[in-house]
Amino acid sequence: MIAAVGLALLGAATTTTIAAADPLSPPAPLAGPVNSVDGLGGDRTVACDNGTLYVSGGNLVVTVTGNCDVLNVSGTGHKVTVDSANSIMVSGGSNEITYHSGTPAVNNTGNQNVVHQG
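Count along the sequence shown from 1, add 322, and you get the number used in the numbering used here.
What follows is the structure, given as structure tokens:
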């Protein structure tokens, strides 16, 4: 849908064309699959496949294969190892996140969390 707007500026008429958003267009897809790991204690292995991974709960040992677009860790006492990630978000406390390669953007809003390359 296109709307034409007429404006008068100092006696001169101006017409501006504004293109409206297509209401039938779907939202942009996520970069990949969205997965989650939740629980208290135990070991888990999960593939990220360029998607988003949420880790929550407490005291999990999580091995993540592949690249994550977003790795989001919340809770306490997690030890998460990931091959690589574009973005790592950490909240909660006493979590350790180790990435093997790359230079992820890190947002650490928790207490005593450690994010490092190893």
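All C-beta atoms, glycine included, are put in the ideal place defined by N, C-alpha and C.
- As far as DSSP is concerned, Gln-434 takes part in no beta bridge.
- Between Gly-379 and Leu-362 the beta-carbon gap is near 5 Å, inside 8 Å, which marks them as a contact.
- Per the C-alpha coordinates, the member of Cys-370, Thr-374, Ser-416, Gln-439 positioned closest to Thr-425 is Gln-439.
- Beta-bridge pairing by DSSP links Ser-413 to no other residue.
- Between Asp-405 and Asn-389, the gap from beta carbon to beta carbon is short of 9 Å.
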